[in-house]
Every structure is written in C-alpha cells, then in structure tokens.
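J.: When we follow the working numbering, the leftmost residue of the sequence shown carries the number 1, and every step to the right adds one.
Idealized CB from N, CA, C, for every residue including glycine.
What you are looking at is a predicted structure, and each value in this text was computed from that prediction instead of being measured.
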Amino acid sequence: MAGQELRQWSRDILVCTQGAHTLSDAHQRWMNATQCTLVPQPVERIHSEGGRITALEFEGGKREACDAVFLNAPLRPRYPLVDMLGCALREDGEIHVDNKGRTPVAGVYAAGDAVTTVHQVVLAAASGVCAAMAMNEDALKDEVRLLCSQDGSVAFGD
Numbered sequence: 001m002a003g004q005e006l007r008q009w010s011r012d013i014l015v016c017t018q019g020a021h022t023l024s025d026a027h028q029r030w031m032n033a034t035q036c037t038l039v040p041q042p043v044e045r046i047h048s049e050g051g052r053i054t055a056l057e058f059e060g061g062k063r064e065a066c067d068a069v070f071l072n073a074p075l076r077p078r079y080p081l082v083d084m085l086g087c088a089l090r091e092d093g094e095i096h097v098d099n100k101g102r103t104p105v106a107g108v109y110a111a112g113d114a115v116t117t118v119h120q121v122v123l124a125a126a127s128g129v130c131a132a133m134a135m136n137e138d139a140l141k142d143e144v145r146l147l148c149s150q151d152g153s154v155a156f157g158d
C-alpha cells in the first residue's frame, strides 16, 4: 500500500491525488487510522526557499507546508515493438518470459522493467544478465545444430 513505508520517516503525511479520488477502501482505512491528510486538488506549484521545499500549492489556492515530496508515478511502459514481434503480455502488462528472459517468440528476449513490476536497477541489471546468458546459450546451440546438420552427425543436446 503506497505511503506505508513513508511513515518510517514521518508521521505527518499529506496524500495528493491530483484531482482523482480513486482510493480503495483499504487505502481509506489506512489513511484514517494513520491520520494522513488527503488533498484531492491537483498540485499547481511547489514552493521552496534556499533550495529547500517549503510548501505545496494546490488548484484553488490552498497551500500546505511540507519539506519533502515523494512521487508515486506508476510505470506503464509502452512498447509497440512487443506487439509487432508477437510477444505475449501477462495480466500485469509485463512481457511474458521464462526464468531466463526468453519470450515464446523464438529469438526474442526481454529483461528489466519490461518483465517485472518490481522496478529496481539491480533487478533490471540481473534480469539483463540472465537474458544475455540465454541469448548466448541459444546462439551456441543453434551453431552446434547447424554444424552437426552439415556433416550428418546428431546435434549436440538433442
């Protein structure tokens, strides 16, 4: 639930929904229990003095003092190439891959933020390494198959 981890730093939390009021019942209960302030109006301006945030100003002129801003911007990558290649997407919108980054489309691999909802650099890098290893493994298998088929012998690994 967005916001819970912020209570580790502050008990004074202001939740801004940018005009949308689409909080679930669970979010509403959490906000009530933690006495968070909800401001549905869109933020128009962030005020600062000497390089430090001092307040948020909302549409209509309302102003709330603050000294830090955390953004929750959902990541929804748009990749028309996925559709062009015929790759499948999972229910969560990420590209369907096996545990090594292979898509069901032969020769197409995916990694990083395109395959997970956990957007962390270290996980994206690790995912990329797995996909690169799978690419190399598949290329070597293809080369062995090709070489073995040319001399009539049985392909290694088949």
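Looking only at its chain, what residues have a beta carbon closer than 8 Å to the beta carbon of Arg90, apart from the 5 residues adjacent to it on each side?
T.: His96
J.: Let me confirm a value: Val82 is counted as buried when at least 16 other C-beta atoms fall within 10 Å, else exposed. Which label applies?
T.: buried
J.: DSSP has Glu57 in a bridge; who is on the other side?
T.: Arg45 and Arg63
J.: Would you list the one or two residues that DSSP bridges to Val39?
T.: Val39 is bridged to Cys16.
J.: In the DSSP assignment, find the alpha helix (DSSP H) that holds Trp30 and state where it starts and stops.
T.: Asp25 to Thr34
J.: Taking buried to mean at least 16 other C-beta atoms within 10 Å of its own C-beta, is Gly112 buried or exposed?
T.: With 16 or more Cβ atoms within 10 Å of its Cβ, Gly112 is classed as buried.
J.: Ala134 to Ser24, Cα distance in whole Å?
T.: The straight-line gap from Cα to Cα measures roughly 41 Å.
J.: Inspect the beta-carbon positions of Leu38 and Val15 and report whether they are closer than 7 Å.
T.: Yes, the pair counts as a contact, with Cβ atoms nearer than the cut-off.
J.: Taking 7 Å as the cut-off, decide whether the C-beta atoms of Gly101 and Ala131 are in contact.
T.: yes
J.: Under three-state DSSP, which class holds Leu89?
T.: strand
J.: Identify every residue that forms a DSSP beta bridge with Tyr109.
T.: Arg102
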